[in-house]
Amino acid sequence: MSKSKPAPSKYSVMTCEGVHPATSVSLLSEWNGPPWMTGSRIDLDVPDPVLFELNPRYPGKLCPMYESTIVLMSDALIAVLHAAGVSNLECFPARIRDRTRSDAIENYKAVNVVGLVDCADMSKSEYDPPEDDDGIPMMFDSLCIDDAKAGGALLFRLYEAPSAIVVHELVRNAIEQQITGMTFYEQGEWSG
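Right, here's the structure in full:
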């Protein structure tokens, strides 16, 4: 017996999986501070610029967003987010080195998303039991968002799974109109 599809949500998890072929990017700068996915403001000195490098083994197009230890976003994506009303991003200068060229790519920023929102609908989500006592972070097989708990926030990290960047449909619509390659997981689709 298959589980019924959950009711639609105004929220979806944002990733960038729609660029093919995509080049990969690695973080070069050392960061000894806390992880950038805590939702907290960065109160330590951030390298200026934060250095990344293209992987020559994976030639392809640059993605508008890379999720790793530190999120990397294109200036174009950041502009769309700001125009859509997103105001909880800390943006730091970034430089992407390309060993095959002498110049560097500088139209990207290292981005910290400020804010964790506790809004996973645990009664509708499917997840593995947590391994530690506090139960966070969760490993979801199927994430559902409780819109009321999200409180109208436009973009945030999910408290129960901080690797997830969640966006409101207003932000998603703005991105889909102007930026190619972004992927949005709807109610019950995201796992991580």
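Numbering of the sequence shown is given in our numbering, commencing with residue 43 and proceeding in unit increments.
For glycine and all other residues, C-beta sits at the position ideal for the given N, C-alpha and C.
For residue j and residue i, the rounded distance between their alpha carbons
i    : j    : result
V208 : A121 : 17 Å
S44  : E109 : Reliability fails at S44, whose pLDDT of 45 lies under 50, so the model's placement of it is uncertain and the value that follows must be treated cautiously. Cα to Cα, the separation comes out at about 32 Å.
V55  : A216 : 15 Å
D163 : Q220 : 30 Å
S51  : N97  : 37 Å
M180 : S144 : 43 Å
M224 : H210 : 14 Å
Residue i - partner residues in DSSP beta bridges
i    : result
I207 : R199
L158 : R199
E59  : Note: E59 sits in no beta bridge, so no partner.
D170 : M181
8 Å Cβ cutoff met for residue i and residue j
i    : j    : result
F182 : G234 : yes
L131 : P204 : no
C105 : V153 : no
P91  : R137 : yes
L196 : A126 : yes
A49  : Q229 : yes
Integer-rounded CB distance, given that residue j should sit under 8 Å from residue i
i    : j    : result
K191 : D140 : Rounded, the Cβ-Cβ distance is 43 Å, inconsistent with contact.
Cβ of residue i within 8 Å of any chain C Cβ
i    : result
D189 : Considering every chain present, this structure includes no chain C. It has just one protein chain.
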